[in-house]
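Here the structure comes first, spelled out in structure tokens, and everything after it is commentary.
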Amino acid sequence: MNSSWIKLSTGSLDIDAYISEPDVSASSAIIVIQEIFGVNSHIQAVTKRLAQAGYLAIAPAIFQRTAPGFEVEYSEEGTKLGRFHKDQTTADQLLSDLSATIAFLQTKGFNEVGTIGFCFGGHVAYLAATLPEVKVTASFYGAGIATMTPGGGEPTIARTPEIKGTLYAFFGTQDPLIPIDQIDQIEAALKEHHVDHRVFRYPAGHGFFCDQRSDYNSTAAADAWEQVKTLFSRLRH
């Protein structure tokens, strides 16, 4: 496995991205979308884990415009800074960054891709599921999907009819940032618009997949990873 930082170009902006590639030819490509804490050691570990499973995995820095090289700890101050930069993003800019990432992957021969996102990245993954090249999406505890969209406008849930691929959504039922009624709304929208999906609910808090966070839940994380592997096995090079 090889991991490194590279630059992606949107035409007007160069984006830092962390990429991990397996030693053998990758079966398919996955975009990993960061939490508000940046492309930190946890997100880098996810890309490596995916590479070990045979995927090319890449994590673009979605705060590049306001905070190049951004990486903070899981702390009160880190949360405050991360939320500040999250609030500077817009849906159009995020989709542009992800489209640039997809364009890079296409140069590698991957015309269809998957995404996995956590926290704010879980919200962005739901947004990215509207892109035609995204065939499978794993959205982990994406707050605000039912109530807002980055930069303002109709909530991201309103874009559900644009999702053509398969989406798995993972939530903790003890997550103070995502009330149960919002999970219900997301599941109802996916059903209403006939999106191929599954919604997983665990007796866990926010951030349960990350072993660096206080809400880490090893049982939920292990089950979720098995579901992610099942989902991503649908992709073909």
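The sequence shown begins at 106 in my numbering and counts up one residue at a time. Think of the CB as a built atom: it goes at the ideal place given N, C-alpha and C, for glycine as much as any other residue. Please read all numbers here as calculations on a predicted model, not as lab measurements.
Is the CB-CB distance between residue i and residue j below 8 angstroms?
i: A172; j: H147; result: no
i: E259; j: T235; result: no
i: T271; j: L336; result: yes
i: Y160; j: A134; result: yes
i: A327; j: A309; result: no
i: A243; j: V333; result: yes
i: I141; j: G187; result: yes
i: H311; j: D280; result: yes
i: L203; j: A166; result: no
i: I124; j: G222; result: no
i: G257; j: T194; result: no
i: I136; j: T206; result: yes
i: T254; j: V300; result: no
Whole angstroms is fine: what's the gap from residue i's alpha carbon to residue j's?
i: L291; j: G277; result: The question names Leu, but residue 291 is Ile in the sequence shown. Straight-line Cα distance between these residues: approximately 14 angstroms.
i: Q230; j: T220; result: Checking the displayed sequence, the identity of residue 230 turns out to be Ala instead of Gln. Their Cα atoms are separated by approximately 6 angstroms.
i: E181; j: K112; result: 30 angstroms
i: K296; j: Y273; result: 12 angstroms
i: S117; j: I288; result: 36 angstroms
i: K185; j: L282; result: 15 angstroms
i: T261; j: A251; result: 6 angstroms
i: F215; j: G226; result: 22 angstroms
i: F305; j: F275; result: 5 angstroms
i: Q317; j: A162; result: 21 angstroms
i: M106; j: A150; result: 12 angstroms
i: K240; j: E178; result: 32 angstroms
i: R339; j: D128; result: 21 angstroms
i: Y246; j: D192; result: 18 angstroms
i: C315; j: G183; result: 15 angstroms
Go ahead and pull the three-state DSSP assignment for residue i.
i: L210; result: helix
i: K269; result: coil
i: H302; result: strand
i: S109; result: strand
i: I141; result: coil
i: S114; result: strand
i: A150; result: helix
i: T72; result: In the structure displayed, the chain extends from 106 to 342; residue 72 sits before or after that span and is not available.
i: E178; result: coil
i: G219; result: strand
i: A131; result: coil
The alpha helix (DSSP H) with residue i in it runs from where to where?
i: L336; result: 323 to 337
Looking at the secondary structure, which residues open and close the beta strand (DSSP E) in which residue i lies?
i: S125; result: 119 to 126
i: I163; result: 161 to 165
| Which residue spans inside the region 223 to 303 form an unbroken alpha helix (DSSP H) run of at least 4? | 225 to 233, 285 to 297
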